[in-house]
Every structure is written in C-alpha cells, then in structure tokens.
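Chemist:
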Amino acid sequence: MRGLGRTRPVLIGALTLLLVVAVVTLLFLLATRNFIASRSAGGLAGSTLQGWQISEGVQRFGEVVPGFDLAARAGMAPPALVLLATLNSAFLVVLATSLALGIGVPVGFWVAVHAPRRLVVLLKSAANVGVAFPAFFVAFLLQVLAVELAGRFGHTVLPVYGFGLDAHIVIPVIALALAPLAYVLRLVALSATELNARDFVRTARAKGLAEIAVVYRHIAPNMVGAIGEAGLGALRFVLAGLVIVEYLLVWPGLGVLALRAANVQDLPIFLSSALVLAGLFYLTDLGLDLVTHRRGLIVG
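The opening residue of the sequence shown carries number 435 in the working numbering; numbering runs sequentially from there.
(1) In whole angstroms, what is the alpha-carbon distance linking LEU720 and LEU709?
(2) Just list the alpha helix (DSSP H) runs in the stretch 569-601, keeping only unbroken ones of 4 residues or longer that don't cross its boundaries, in chain order.
(3) Quick check: GLU680 and VAL690, are their CB atoms within less than 7 Å of each other?
(4) Taking the alpha carbon of TYR617 as the reference point, which residue from VAL545, VAL565, GLU663 and GLY687 has its own alpha carbon closest?
(5) Counting only the same chain and skipping the five closest in sequence on each side, list residues whose C-beta sits under 8 Å from that of ARG651.
(6) Helix, strand or coil: which one does DSSP assign to VAL684?
(7) Please report the straight-line C-alpha distance between PRO540 and ILE646, rounded to a whole angstrom.
(8) Would DSSP call GLY642 helix, strand or coil?
(9) CB-CB under 6 Å to VAL677, same chain, minus the five flanking residues each way: which ones, in chain order?
(10) Going by the CB atoms, is the gap between GLY542 and VAL622 shorter than 7 Å?
(11) Determine, using beta carbons only, whether GLY665 and SER523 come nearer to each other than 7 Å.
(12) Between GLU628, VAL572 and ILE703, which has its C-alpha nearest VAL547's C-alpha?
(13) Less than 7 Å between the C-beta atoms of VAL578 and ALA530, yes or no?
(14) How about ALA609 and ALA573: are their beta carbons less than 7 Å apart?
(15) Can you name, in chain order, every residue of its own chain whose Cβ lies under 8 Å from the Cβ of ASN630, other than the five neighbours on each side?
(16) Excluding five sequence neighbours on each side, which residues of the same chain lie with their C-beta closer than 7 Å to the C-beta of PHE567?
(17) My output table needs one value for PRO606: the three-state DSSP class, helix, strand or coil.
(18) Quick one: grab the DSSP three-state call for PRO550.
(19) Do you know offhand how far ASN562's Cα is from ARG670's?
(20) CB-CB under 8 Å to VAL635, same chain, minus the five flanking residues each way: which ones, in chain order?
(21) Looking only at its chain, what residues have a beta carbon closer than 8 Å to the beta carbon of THR520, apart from the 5 residues adjacent to it on each side?
(22) How about ASN630: is its C-beta nearer than 7 Å to some C-beta of chain B?
(23) Specify the secondary structure class of THR637 as computed by DSSP and reduced to three states.
(24) Residues in its own chain within less than 7 Å of VAL725 by CB, not counting five upstream and five downstream?
(25) Do PHE704 and ALA712 have their C-beta atoms closer together than 7 Å?
(26) Is the Cβ-Cβ distance between GLY675 and ALA511 less than 7 Å?
(27) Alpha carbon to alpha carbon, how far is LEU682 from ARG586?
(28) In whole angstroms, give me the CA-to-CA distance for ALA626 and PRO513.
(29) With H, G and I counted as helix, E and B as strand and the rest as coil, what does DSSP make of ASP503?
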C-alpha cells in the first residue's frame with residue numbers, strides 16, 4: 435500500500451497528460467479542416483492593419499523585393515516605426531505577464547497552504563503539462579476553437595487575427611500567458627510548501643497564532659523573492675513566444691516587424707528590432723540573477 439501511495443502522484447500526472455493530449459488531438463482533428471477552409475475563404479474576422487502593413491513589399495508569399503524601405507512606406511522615421519511596434523508588443527507582454535501573475539500567485543499559494551492533497555497533485559500535474567505547451571500551438575488551437583464557435587453560433591465570437599485593443603487581444607494574450615501561468619503556479623506552490631514546513635512556521639502555529647497571522651507574518655514576507663523570480667520568469671516565457679505568436683496572429687509588434695524587415699532585406703529596421711528584443715531578454719535575465727541571489731534569505 436505504501437508503494438501505491440508513492441506512485442499515485444505519478445499516475446495522476448500521467449493520466450492528466452494523456453487526457454490533455456487526447457482532448458487537444460481530438461479538437462485539432464475535428465476543427466482543422468473547417469479552420470483552413472474558413473481562412474482560405476477570408477471568412478475570419480480580423481482587422482485592417484494600419485501604419486506599417488507591408489503586403490505591398492512582398493509580391494507573393496516568400497518572394498522578396500530587395501531593399502524595400504519599411505519606414506518610408508509607412509511614412510515615418512525608422513525609430514518611430516520601431517517604437518510603434520514596441521508599444522504594440524508591450525500591450526501583449528504586459529497583459530500576458532500580469533494575467534500569469536494575477537492567477538498563478540494566489541492559486542499557487544492556495545495550493546501550498548490550503549488545498550486538499552488530491553487537488554494539489556492534480557493542479558501540479560496540470561501545471562507541468564501547461565509549461566510544456568508552446569505559445570504558438572496554443573494560439574493556433576484557440577484560432578481553431580474560435581472558428582468552430584463562429585460556425586456553431588453563426589457569428590464571430592473572437593477575431594482570430596489582426597490588431598486591436600478590443601477582442602483581438604484575447605487570443606494572443608491567452609496564448610502567451612498559459613505557459614507562464616503554469617510556471618508561476620508551480621514555482622509559488624513549491625516555494626510556499628517549503629516555507630510552510632519550516633520550523634519557525636511550525637513554532638508560530640504551536641504558539642496558537644491564527645492561521646491568517648501565520649500566513650501574513652511568517653510565510654508571505656519570505657515569498658517576495660519567489661514572487662519576483664516568478665514574475666521575471668513569466669516575462670521571459672512571454673518574450674520567448676512573442677515573435678511566433680505575433681506572426682501567426684498578424685499582430686504588428688516587434689516580432690512581426692523584425693521578420694518582415696528580414697524578408698524584404700531592410701537591415702536598419704531588422705537590426706533595431708532585434709536589438710530591442712535582445713535588450714529585453716538581457717534585462718530580464720539580469721533581473722532574474724539579482725532576484726535569485728536574494729532568495730534564501732529567511733526573515734522568520
């Protein structure tokens with residue numbers, strides 16, 4: 435019986451993974467044909483990209499017009515074009531990271547301190563599966579689901595491509611936030627579980643302190659480093675999936691700008707976009723190093 439108890443979390447995790455894979459595969463097989471047909475017919479709700487849409491710079495898909503000047507075509511200076519793309523990407527990055535933290539931190543904390551044991555195993559298994567799903571696959575799956583819902587209800591439920599600070603932002607934000615959310619939940623849950631088992635927490639409970647006092651006086655203050663690490667780690671996840679999600683959903687951010695600049699051989703725009711993305715990655719990793727250095731300081 436002891437051996438069965440030890441292997442139960444592994445079995446639950448494996449069953450969760452198999453269930454998720456089966457559901458995803460079924461949805462993919464059922465909806466892909468309708469999705470491709472709808473996209474080919476132009477029946478998906480998008481939006482007219484303004485400013486620097488560069489379809490004129492590519493005669494056919496994959497055929498490059500060398501030396502095409504994206505900034506001149508958009509009627510603005512190259513720095514302004516890169517800044518516009520950066521702002522467009524910032525909407526996705528900030529919202530996706532905030533969503534991951536806003537859900538992952540409280541749920542992870544609850545899992546560690548208050549959740550029933552069986553639910554803990556299930557949620558941790560789901561988090562492990564969620565981290566493994568790439569953002570571009572989630573984006574494509576959400577597109578497929580949106581098309582299926584549009585077919586069933588007879589009207590567009592969610593736009594599946596294009597730019598707009600309205601319903602257009604839902605799919606890219608969810609796609610970018612899923613893996614970071616799972617990462618944050620898992621990291622916060624592990625850190626809170628470790629702190630919950632510390633001697634000073636047990637001593638506080640033995641003295642008769644109320645549970646809320648134990649949580650907010652002894653556990654929460656020591657979670658600052660873990661939450662900071664979770665936030666920066668979530669940001670790194672979002673940045674890693676940003677380029678391909680923007681390209682797939684036709685969102686005019688830094689990733690799409692860099693890819694299109696490379697496609698039309700606009701070297702200044704490409705280098706500027708790549709430099710901004712690389713700088714964001716560097717600052718995120720630097721912040722992670724600093725926060726990780728701080729972790730391990732227990733104030734009791």
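Beta carbons are placed, not taken as given, at the ideal position from N, Cα and C, and that holds for glycine.
Here the structure is a predicted model, which is why all the values come from computation and not from measurement.
Modeler: Walking through what the data contain:
(1) 16 Å
(2) 569-587
(3) yes
(4) VAL565
(5) ALA638 and LEU643
(6) coil
(7) 14 Å
(8) Correct three-state label for GLY642: coil.
(9) Excluding sequence positions up to five before and after VAL677, its CB lies within less than 6 Å of the CB of GLY689, all in the same chain and listed in chain order.
(10) yes
(11) no
(12) GLU628
(13) The criterion of a C-beta distance shorter than 7 Å is not satisfied by VAL578 and ALA530.
(14) yes
(15) ALA546, VAL547 and ILE653
(16) LEU612 and ALA613
(17) In the structure shown, PRO606 sits in a helix (DSSP, three-state: H, G or I).
(18) DSSP places PRO550 in coil when its eight states are reduced to three.
(19) 17 Å
(20) LEU629, VAL648, HIS652 and ILE653.
(21) GLY687, LEU688 and VAL710
(22) Protein chain content of the structure displayed is limited to a single chain, and chain B is not contained in it.
(23) helix
(24) GLY659, GLY662, GLU663 and LEU666
(25) no
(26) no
(27) 24 Å
(28) 44 Å
(29) It is coil, neither helix nor strand.
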